[in-house]
Amino acid sequence: MDDNLLITNLFSIKGKTALITGGATGIGKMIAKAFVKNGVKVYIASRNKKNLEETAEELTKMGPGVCYSIEANLTSKEACEKLAADFQKLGNEKLDILVNNAGLVGINAPLTDFPEQVWDDMYNLQVKSVFYLTIACLPLLEKASNKPIDPSRVIITGSILGIGDGQLKFSQVRGACSLPYCSSKHAVHSVAKNLAVHLTPRGINVNILAPGVVPVKQYLHDMHDVIITEIPQGRTGNETDIAGAVIYLSSRASSWVAGTEIVVDGGTLLNFKISDDYIKNL
Ligand SMILES: NC(=O)c1ccc[n+]([C@@H]2O[C@H](COP(=O)([O-])OP(=O)(O)OC[C@H]3O[C@@H](n4cnc5c(N)ncnc54)[C@H](OP(=O)(O)O)[C@@H]3O)[C@@H](O)[C@H]2O)c1
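Residue numbers (UniProt numbering): 1 to 282.
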């Protein structure tokens, strides 16, 4: 058999370098763990120094890859450029995989009294910074690219809420809405597809990881019974679901995959409806 077709080669990410925003917790940490377990040198970046240091230590102990951390508050162009510069100052001349994953999760509020600041915070972090960080990392990504055989990669954590026209039922409980979150995810899916237009010819594949509900916070565990009524497969997502998708999106296996959404949701998108609870509370 041709060696290129062996899973150990086709899906290998060993020896690559990755930068993951929001990599100390939740889905970002799942991605960092999947990478470290498969021999990647990982940098996680976010605001909370304690979380960053604890996760970097925990994952490095697992190996065989390593995990380092960089503090960053990614709400401005300047902060994105600083993160790219800090990454370089740590001795990195190239970047194989950039994962734009940081996000503001679980901020729901009443439709008629929605805090204006949330709109700004959501769009600054989940839309604007994704663009500026990718641009700031462009020279490093171009240097890493082995185009067209194994391009460098940008993975953007979007959401099924960036695809479906609607909101999940559990987020509408007691009349609350998650409109800025959903619309910013639609926006970042568009940013990703437009970045792909510009970057694919430069040897950089941009794709979207679009997860359904992955319970990384207590309120998601508390709402488990409501949440799974919307998931045809009858279970929420976990680290192996996330790992499978990001390893695929980072390896030779997806060299020819650009500007697309990988939906990992147990079929939730098949089940979008308006919540009965929302109607009841109108
Ligand atoms: N969990 C789900 O069900 C689900 C489903 C679909 C999509 N997603 C997406 O998955 C991504 C990760 O979310 P999560 O669910 O794993 O929740 P999470 O654990 O709260 O992760 C969010 C991460 O973003 C970082 N972050 C927040 N503000 C930041 C800022 N200003 N600058 C830099 N980093 C910042 C946080 O770290 P610091 O606090 O240290 O800054 C945190 O590590 C998000 O994009 C979210 O929209 C999640």
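From the three backbone atoms N, C-alpha and C, an ideal C-beta is built for every residue, glycine too.
On a predicted model such as this, the values are computed, not experimentally measured, just so you know.
Would you please state the rounded distance, in angstroms, between the beta carbons of I242 and I31? I believe it to be under 8 Å. In the sequence shown, the residue the question calls residue 242 occupies position 242. In the sequence shown, the residue the question calls residue 31 occupies position 31. Contact between I242 and I31 holds, since their C-beta atoms are separated by about 6 Å, short of 8 Å.
By the 10 Å Cβ neighbour count, where 16 or more other Cβ atoms means buried, how is N146 classified, buried or exposed? Taking the first residue of the sequence shown as 1, we reach residue 146 at position 146. Classification of N146: exposed, given that the 10 Å Cβ count is below 16.
To which residues does DSSP link Y248 through a beta bridge? In the sequence shown, the residue the question calls residue 248 occupies position 248. Answer by DSSP bridge pairing: none, since Y248 is not bridged.
8 Å CB neighbourhood of D150 in its chain, flanking five on each side removed: Locating residue 150 in the sequence shown gives position 150, counting from the first residue. Excluding positions up to five away in sequence, the list reads R252, S255.
List the residues that DSSP assigns as beta-bridge partners of L140. Within the sequence shown, residue 140 is the residue found at index 140, counting from 1. Partner(s): none; L140 has no beta bridge.
Taking 8 Å as the threshold (C-beta atoms), are K128 and G158 in contact? For the purposes of this step, residue 158 is taken as the residue at position 158 of the sequence shown. For the purposes of this step, residue 128 is taken as the residue at position 128 of the sequence shown. Result no, Cβ atoms of G158 and K128 do not sit closer than 8 Å.
Per-residue DSSP class, three states only, for N205: For the purposes of this step, residue 205 is taken as residue 205 along the sequence shown, with counting starting at 1. The answer is strand: DSSP assigns N205 an E or B state.
Under the criterion of a Cβ to heavy atom distance below 7 Å, does G22 qualify as lining ligand 1? Translated into the one-based positions of the sequence shown, residue 22 becomes position 22. Yes, Cβ of G22 sits closer than 7 Å to a heavy atom of ligand 1.
Going by beta carbon distance, what residues of the same chain come within less than 6 Å of G162, once the five residues before and after it are set aside? Start at 1 with the first residue of the sequence shown, and residue 162 comes out as number 162. The residues are K185, H186, H189.
Note down, in chain order, each residue of its chain lying with its Cβ closer than 7 Å to the Cβ of T134, except the 5 sequence neighbours on either side. For the purposes of this step, residue 134 is taken as the residue at position 134 of the sequence shown. Cβ neighbours of T134 beyond the five flanking positions: L98, N100, V154, L195.
Does the Cβ of P64 lie closer than 7 Å to at least one heavy atom of ligand 1? Mapped onto the sequence shown, residue 64 falls at position 64. P64: no, Cβ never under 7 Å from ligand 1.
On a Cα-Cα basis, can you pick out the residue from I208, I27, E58 that is closest to S69? Numbered from its first residue, the sequence shown carries residue 69 at position 69. For S69, the nearest C-alpha among the options comes from E58.
Taking only the alpha-carbon atoms, compute the straight-line gap between I20 and P232 and give it to the nearest angstrom. By 1-based counting over the sequence shown, the position of residue 20 is 20. By 1-based counting over the sequence shown, the position of residue 232 is 232. Going by the C-alpha atoms only, they are around 30 Å apart.
Which whole-angstrom value is the C-beta distance of K37 and M62, which I expect to be below 8 Å? Position 37 of the sequence shown, counted from the first residue, corresponds to residue 37. Position 62 of the sequence shown, counted from the first residue, corresponds to residue 62. Correct: roughly 6 Å between the Cβ atoms.
Using the beta-carbon count (16 or more within 10 Å), is P64 buried or exposed? Along the sequence shown, one-based indexing puts residue 64 at 64. With fewer than 16 Cβ atoms within 10 Å of its Cβ, P64 is classed as exposed.
Exposed or buried, which one is D2 when buried takes at least 16 other CB atoms within 10 Å? Numbered from its first residue, the sequence shown carries residue 2 at position 2. By the 10 Å Cβ count, D2 comes out exposed.
Residues in its own chain within less than 8 Å of N4 by CB, not counting five upstream and five downstream? As a working mapping, residue 4 is identified with position 4 in the sequence shown. Contacts found: L10, R252.
Which class does residue 285 belong to by DSSP, given the choice of helix, strand or coil? Look at the range of the chain in this structure, 1 to 282, and you will see that residue 285 is not part of it.
Is it the case that the stretch 175–184 contacts the stretch 100–115, given that we only count it when at least three CB pairs across the two stretches are under 8 Å? yes
Using 8 Å for Cβ pairs, my map puts L249 next to N207. What's the rounded Cβ distance? For this step, residue 249 is matched to residue 249 along the sequence shown. For this step, residue 207 is matched to residue 207 along the sequence shown. Contact flag correct, Cβ pair sits at about 5 Å.
Closest to K33 by CA distance: which of D113, V226, V246 is it? Here residue 33 is taken as the residue at index 33 of the sequence shown, counted from 1. Taking only the C-alpha atoms, the option nearest K33 is V246.
Quick check on I7: buried or exposed, where buried means 16 or more other Cβ atoms within 10 Å of its Cβ? Here residue 7 refers to the residue found at position 7 of the sequence shown. Answer is exposed; the Cβ neighbour count stays below 16.
Near F170, what residues of its chain come up, given a Cβ to Cβ distance below 7 Å and the 5 sequence neighbours on each side ignored? By one-based count along the sequence shown, residue 170 stands at place 170. So the qualifying residues of the chain are M223, V226, I227.
Could you have a look at L83 and say whether DSSP puts it in helix, strand or coil? Start at 1 with the first residue of the sequence shown, and residue 83 comes out as number 83. In this structure, L83 counts as helix in the three-state DSSP scheme.
On the premise that I27 lies in contact with V213, defined as a C-beta separation below 8 Å, what is that separation, rounded to the nearest angstrom? Stepping through the sequence shown from its first residue, residue 213 is reached at position 213. Stepping through the sequence shown from its first residue, residue 27 is reached at position 27. Actually they are not in contact, since the Cβ atoms of V213 and I27 sit about 11 Å apart, beyond 8 Å.
Can you list, in chain order, the residues of its chain with a C-beta nearer than 6 Å to that of T260? Leave out the 5 residues immediately preceding and following it. In the sequence shown, counting from the first residue as 1, residue 260 sits at position 260. Cβ neighbours of T260 beyond the five flanking positions: N207.
Check whether the Cβ of I27 lies closer than 7 Å to any heavy atom of ligand 1, and answer yes or no. Walking along the sequence shown from the start, residue 27 turns up at place 27. I27 Cβ: within cutoff of ligand 1.
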